Every structure is written in C-alpha cells, then in structure tokens.
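The opening position of the sequence shown corresponds to residue 640 in our numbering, with each subsequent residue numbered one higher. Note that CB positions come from ideal geometry on N, CA and C, so glycine has one too. Just so you know, these numbers come straight off a predicted model, no measurement behind them.
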Amino acid sequence: MSGSEQIDGFVRDIVSVRDELSSRIENLSYEQLNWRPNEKRWSAGHVAAHLCKVAQEYSLAINASAAEARKEGHTGDGTAAIGLIWKFVLWIMRPPVRLKMPAPKIFLPLPNQRRKELLKEITKSHDDLIKSLTSAKGLDLKRVRIVSPVSTSFVLTLPRCATFLIAHSERHLWQIDRLIVENTFPAGRKQ
Numbered sequence: 640m641s642g643s644e645q646i647d648g649f650v651r652d653i654v655s656v657r658d659e660l661s662s663r664i665e666n667l668s669y670e671q672l673n674w675r676p677n678e679k680r681w682s683a684g685h686v687a688a689h690l691c692k693v694a695q696e697y698s699l700a701i702n703a704s705a706a707e708a709r710k711e712g713h714t715g716d717g718t719a720a721i722g723l724i725w726k727f728v729l730w731i732m733r734p735p736v737r738l739k740m741p742a743p744k745i746f747l748p749l750p751n752q753r754r755k756e757l758l759k760e761i762t763k764s765h766d767d768l769i770k771s772l773t774s775a776k777g778l779d780l781k782r783v784r785i786v787s788p789v790s791t792s793f794v795l796t797l798p799r800c801a802t803f804l805i806a807h808s809e810r811h812l813w814q815i816d817r818l819i820v821e822n823t824f825p826a827g828r829k830q
C-alpha cells in the first residue's frame, strides 16, 4: 500500500465518522441534545462538540506538520506501519470503552449546544480534517510528525495520529449510542 492509498483509507474513515455523527445528532430535540444523565457525564451535544474541537485542533497540527515536512523535502509515497504497541493503544481506545480518560481542557465542549449550528460545525471541522490529511499526499508519512495540541512531548507519525483520531471518534459515537438508549433519556424527536 502506498502512502496516498493509506491517506485515502483514513479519509474514508473520517467521512464515515462525520456522516455517522451527523446522523446521530440531526434528529435530536434541543432537550435530547443537551440531556445529561448526571453532572459528571456529557450530553450527546457535548460529545459531538468535543469531536469537532478535536478535529479542528488536529487539522491545524496536521497542516503545520505537513508543511514542515514538505519544506524539509520529505517527499515520496512512503507509508508508515503503526506497530503492535500502537495497535494495543487503539484497542484500548475503541469501543467498548475499557478505560475512561478525562478530556484535556483544550477539548472541553461548551454547554447548551444548538443542533443546526452543531451540524454545520461537524461538517466544517471534519471536512477541514479531511483536507489536512489530503495535504500530506506525496509526503513520506514516516517523516510527517504531528505534535499534539495538548502536549508538545506527544508526537505521532501521521498514520498513528489518523488511526488515533478515528478510534477516538468511534469511542464517542459508541458513547452517544449508549446515551440515547438510557431509560431516562427524554422521549420525542426533533422539534
């Protein structure tokens, strides 16, 4: 598999995440979108807004890293394996959730989401992420190093970063699915 083909696979997965997230949000009323089972848990709107923030921040990080790699002449169509340890990290991240992790402050969502605005943000943030990933085509993916928006000491190759973002999104889609089937979830549909 070439680096371009690897990126195309990541893009397909991000498109799927974007579409699945939108489909989960589009039929929720304001009350349903913002309902929380308790003060410690997020609403479906919180989860979607969080995924948008993550996509926005990582789009910027990927753009910067791809530009730097291009400037340094790291071109080619090389791919990068993710490795066994990283596969284990992804297994922990994917649903069903095995380990709860607090969100870094930079990714915390605002309260009281509005469906129409949130749906626009889902599309924009994920489309920006797709453009960022696509901008790395023609680069040696082993040499494209993404610095985490959370900590400069956390640096990943582009394939590891993309697989992390996809697994993270799958985790939160699962969270929304679990939330909307809770017994106390508000009845009704979009208003």
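For residue i, name the three-state secondary structure that DSSP assigns.
i, result
"V794", "strand"
"I769", "helix"
"L780", "coil"
"I805", "helix"
"T835", "In this structure the chain extends from 640 to 830, so residue 835 is not present and cannot be described."
"Q830", "Bear in mind that a pLDDT of 48 at Q830, under 50, signals an unreliable position, so the number given afterwards is only what the model happens to contain. Coil, per DSSP."
So the beta strand (DSSP E) residue i belongs to, where does it begin and stop?
i, result
"I785", "784 to 786"
Just reading off the alpha helix (DSSP H) that residue i is part of, what are its end residues?
i, result
"G684", "683 to 710"
"S661", "642 to 664"
"N673", "669 to 673"
"I724", "723 to 732"
What number of angstroms, rounded off, separates the C-alpha of residue i from the C-alpha of residue j?
i, j, result
"A687", "I664", "8 Å"
"R709", "R784", "12 Å"
"L795", "S668", "38 Å"
"S698", "L797", "11 Å"
Is the region 649 to 666 touching the region 802 to 822 in the sense that three or more CB pairs, one from each, lie closer than 8 Å? Touching, yes, given that three or more Cβ pairs across the two stretches are closer than 8 Å.
With three or more C-beta pairs closer than 8 Å as the rule, is the region 750 to 757 touching the region 686 to 698? With a cut-off of 8 Å, the region 750 to 757 and the region 686 to 698 count as touching, because enough Cβ pairs lie within range.
Under 8 Å, with one C-beta from each stretch per pair, do the region 758 to 778 and the region 719 to 727 reach the 3-pair mark? Counting Cβ pairs under 8 Å, fewer than three are found: no touch.
Meets three-Cβ-pair contact criterion under 8 Å: the region 775 to 783 and the region 698 to 716: By the criterion of at least three beta-carbon pairs nearer than 8 Å, the region 775 to 783 is in contact with the region 698 to 716.
Looking at C-beta atoms only, is the number of pairs between the region 811 to 818 and the region 725 to 745 that lie closer than 8 Å three or more? Below 8 Å, enough C-beta pairs join the region 811 to 818 and the region 725 to 745 to call them touching: three or more.
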